[in-house]
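Notes follow once the structure below has been shown.
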Amino acid sequence: MDVLVFVLQSILCLLTLPLHLLALLGFWQPIWRKYFPYLMAVLSRKTNQKIEGKKRNLFSQIKKLTGASGKVTLLELGCGTGANFEFYPAGCRVTCLDPNPHFEKFLTESMAKNKHLQYEKFLVAPGEDMSQVADESMDVVVCTLVLCTVQSPRKVLQEIQRVLRPGGIFFFWEHVAEPLGSWALLWQEVVEPTWKHIGDGCYLTRETWKELERAKFSDLQLEWQPSLIKWLPVGPHIMGMAVK
Ligand SMILES: C[S@@+](CC[C@H](N)C(=O)[O-])C[C@H]1O[C@@H](n2cnc3c(N)ncnc32)[C@H](O)[C@@H]1O
Numbered sequence: 000m001d002v003l004v005f006v007l008q009s010i011l012c013l014l015t016l017p018l019h020l021l022a023l024l025g026f027w028q029p030i031w032r033k034y035f036p037y038l039m040a041v042l043s044r045k046t047n048q049k050i051e052g053k054k055r056n057l058f059s060q061i062k063k064l065t066g067a068s069g070k071v072t073l074l075e076l077g078c079g080t081g082a083n084f085e086f087y088p089a090g091c092r093v094t095c096l097d098p099n100p101h102f103e104k105f106l107t108e109s110m111a112k113n114k115h116l117q118y119e120k121f122l123v124a125p126g127e128d129m130s131q132v133a134d135e136s137m138d139v140v141v142c143t144l145v146l147c148t149v150q151s152p153r154k155v156l157q158e159i160q161r162v163l164r165p166g167g168i169f170f171f172w173e174h175v176a177e178p179l180g181s182w183a184l185l186w187q188e189v190v191e192p193t194w195k196h197i198g199d200g201c202y203l204t205r206e207t208w209k210e211l212e213r214a215k216f217s218d219l220q221l222e223w224q225p226s227l228i229k230w231l232p233v234g235p236h237i238m239g240m241a242v243k
């Protein structure tokens, strides 16, 4: 299997050599980071149409966290274009965080469309270092399609636990590796080195559910979902919530 993966990976890398050379020389990422938000704006609309019911159901749980003030402090980590805003209940005070500043224009448009929410600020930072967010200051943290991309899922989960108040909830929806030994996983392994450049650093073969289990939340509820777009090597998804 390993030899087959290596041979197929090498063929694909040769076929996409200009892309790999641009990335190696450091030219690809700055250019692609500028245009990636345009791709995400289209993809988020399409995925939201497919998953609308599930997201609505998941984020309806946020209402339970409303305190005496009637407000919920919510941190959206790797917020992208703000694809989840429409699903949050009224009264959420939303802080957005993303290392890519080029998302701001799209965020502003999403905020204008979702006037039921109160926007606090947009922080340009990676999830691995959220030092701008105070300890135990958030009732809710949300991450959708982000843990596949971050440098260190473990550090990000540690940061999430730091900023969540006791009893606060982390909501997630992530794509993960196909089952061990499957042809689908082999295909993910073949495509991954090239995919990473197009997907802004996205890993296809992450076993994110294992990181979530290791993170030792007090409660972890997780649902497996089939791949949304069959012709893409994106794999199955996990959706759920973890309580601090
Ligand atoms: C595939 S997009 C998903 C965007 C949005 N959450 C959604 O569901 O449409 C991945 C997002 O993660 C962000 N990201 C990449 N590396 C990150 C990191 N280390 N910490 C936090 N966010 C990161 C990207 O800039 C991008 O906005």
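Here the sequence shown is numbered in numbering that gives the first Met the number 0, starting from 0 and rising by one per residue. C-beta: ideal position from N, C-alpha, C; glycine also.
Neighbour-count burial assignment, residue i, 16 or more Cβ in a 10 Å radius
| i | result |
| --- | --- |
| Gln187 | buried |
| Pro36 | buried |
| Asp97 | buried |
| Thr72 | buried |
| Val2 | exposed |
| Glu75 | buried |
| Val132 | buried |
| Leu156 | buried |
| Thr107 | exposed |
| Gly25 | exposed |
| Ile10 | exposed |
Contacting residues, own chain, Cβ-Cβ under 7 Å from residue i (five flanking each side not counted)
| i | result |
| --- | --- |
| Ser109 | Thr80, Gly81, Phe84 |
| Phe170 | Leu57, Phe58, Val139, Val141, Met240 |
| Lys46 | The amino acid at residue 46 is misidentified as Lys; the sequence shows Thr. These residues qualify, in order along the chain: Leu227. |
Candidates the options, of which the one nearest residue i by Cα
| i | options | result |
| --- | --- | --- |
| Arg55 | Glu191, Glu127, Trp172, Leu7 | Trp172 |
| Val139 | Gly167, Asp218, Asn113 | Gly167 |
| Gly198 | Pro17, Ala111, Val149 | Val149 |
| Ser136 | Arg153, Ser151, Val155, Ile159 | Ile159 |
| Leu13 | Gln28, Glu177, Trp223, Pro192 | Pro192 |
| Asp218 | Gln224, Trp194, Lys243, Tyr202 | Lys243 |
| Arg164 | Glu177, Gln220, Asp134, Thr143 | Asp134 |
| Lys62 | Leu24, Thr143, Trp230, Pro88 | Pro88 |
| Ala183 | Trp31, Ala22, Lys112, Trp230 | Trp230 |
| Val8 | Leu203, Val190, Trp223 | According to the sequence displayed, residue 8 carries Gln and not Val. When each option's Cα is compared against that of Gln8, the closest is Val190. |
| Asn113 | Phe86, Asp128, Glu51 | Phe86 |
| Pro125 | Gly200, Ser181, Glu222 | Gly200 |
Anticipated Cβ contact below 8 Å, residue i with residue j, distance rounded
| i | j | result |
| --- | --- | --- |
| Lys53 | Met238 | 6 Å |
| Met0 | Leu185 | 6 Å |
| Ala40 | Phe105 | 6 Å |
Same chain, Cβ closer than 8 Å to residue i, five either side skipped, listed in chain order
| i | result |
| --- | --- |
| Gln117 | Lys70, Gly90, Cys91, Arg92, Val93 |
| Ser43 | Gly79, Thr80, Ala82 |
| Val175 | Cys147, Arg205, Glu206, Thr207, Trp208, Gly234, Pro235, His236, Ile237 |
| Lys272 | Lying before the first or after the last residue shown, residue 272 is absent from the chain, which here runs from 0 to 243. |
Minimum Cβ-Cβ distance from residue i to chain B less than 8 Å
| i | result |
| --- | --- |
| Ala89 | The chain inventory of the structure shown lacks chain B, comprising one protein chain alone. |
Same chain, Cβ closer than 6 Å to residue i, neighbours up to 5 away in sequence not counted
| i | result |
| --- | --- |
| Leu18 | His196 |
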